[in-house]
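In this text, residue positions in the sequence shown follow the working numbering: the first is 505, and each later residue adds one.
Built from N, CA and C at the ideal position, the CB exists for glycine as well.
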Amino acid sequence: METKIRNFTSNEEVRELVRAFEEATILPSQFHHCAHIAVALTYLAEAPLDDATVRMRQTLQKFTQRHGVNVYHETVTRFWMKLLDHLATTHYRDMPLWRRINLIVERWIAADPIAAHYSRSVISSHAARESWIAPDRLPLPF
Numbered sequence: 505m506e507t508k509i510r511n512f513t514s515n516e517e518v519r520e521l522v523r524a525f526e527e528a529t530i531l532p533s534q535f536h537h538c539a540h541i542a543v544a545l546t547y548l549a550e551a552p553l554d555d556a557t558v559r560m561r562q563t564l565q566k567f568t569q570r571h572g573v574n575v576y577h578e579t580v581t582r583f584w585m586k587l588l589d590h591l592a593t594t595h596y597r598d599m600p601l602w603r604r605i606n607l608i609v610e611r612w613i614a615a616d617p618i619a620a621h622y623s624r625s626v627i628s629s630h631a632a633r634e635s636w637i638a639p640d641r642l643p644l645p646f
């Protein structure tokens, strides 16, 4: 059975995705942006931003190493963790995790908030891939 990555109906479905990600049993081709968002929001529901970000970074790096793909990007990861933490604690607070994930994915999956804050040259740089680079266009409001 394929792991569900969106349109969750329970926290158990979310936990199954997180488990598959942490155990690297889901393929990179199945682990789309909405799945990244779901895992990140789960980590943020379980820990403060800094701790959740460390967990996301470590697990993403382990996942990419296990599957032999080198796609980890520190600035993108931290940007999304900051944005998702802001959304989860301001606009989508009082609801079950699975519902919060569904609403945020529905609203943000097609958006490109990074483009509002970063020029293409900065976000695609080696430096941004390796470490946090502050936005060069629009400062983060959170």
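* Is it the case that the Cβ atoms of aspartate 589 and leucine 531 are separated by a distance below 8 Å? -> By 1-based counting over the sequence shown, the position of residue 589 is 85. By 1-based counting over the sequence shown, the position of residue 531 is 27. Going by C-beta atoms, aspartate 589 is not nearer than 8 Å to leucine 531.
* To do: Can you have a look at arginine 641 and say buried or exposed, based on whether 16 or more other CB atoms are within 10 angstroms of its CB?
  => In the sequence shown, counting from the first residue as 1, residue 641 sits at position 137. Looking at its Cβ environment, which holds fewer than 16 other Cβ atoms inside 10 Å, arginine 641 is exposed.
* Are the stretch 624–632 and the stretch 569–582 in contact at 8 Å, needing three or more beta carbon pairs? -> yes
* Candidates Ile605, Ala638, Ala615 and Phe646: closest to alanine 539 by CA position -> Taking the first residue of the sequence shown as 1, we reach residue 539 at position 35. Of the listed residues, the one whose Cα sits closest to alanine 539 is Ile605.
* Hey, out of Tyr547, Arg510, Asn511 and His537, whose CA is closest to glutamate 526's CA? -> Along the sequence shown, one-based indexing puts residue 526 at 22. It is Tyr547 whose Cα lies nearest to the Cα of glutamate 526.
* Can you give the beta carbon distance from glutamate 517 to tryptophan 612, rounded, assuming they're within the 8 Å contact cut? -> The count along the sequence shown starts at 1 and reaches residue 517 at position 13. The count along the sequence shown starts at 1 and reaches residue 612 at position 108. In this structure glutamate 517 is not in contact with tryptophan 612, their Cβ atoms being roughly 19 Å apart against a cut-off of 8 Å.
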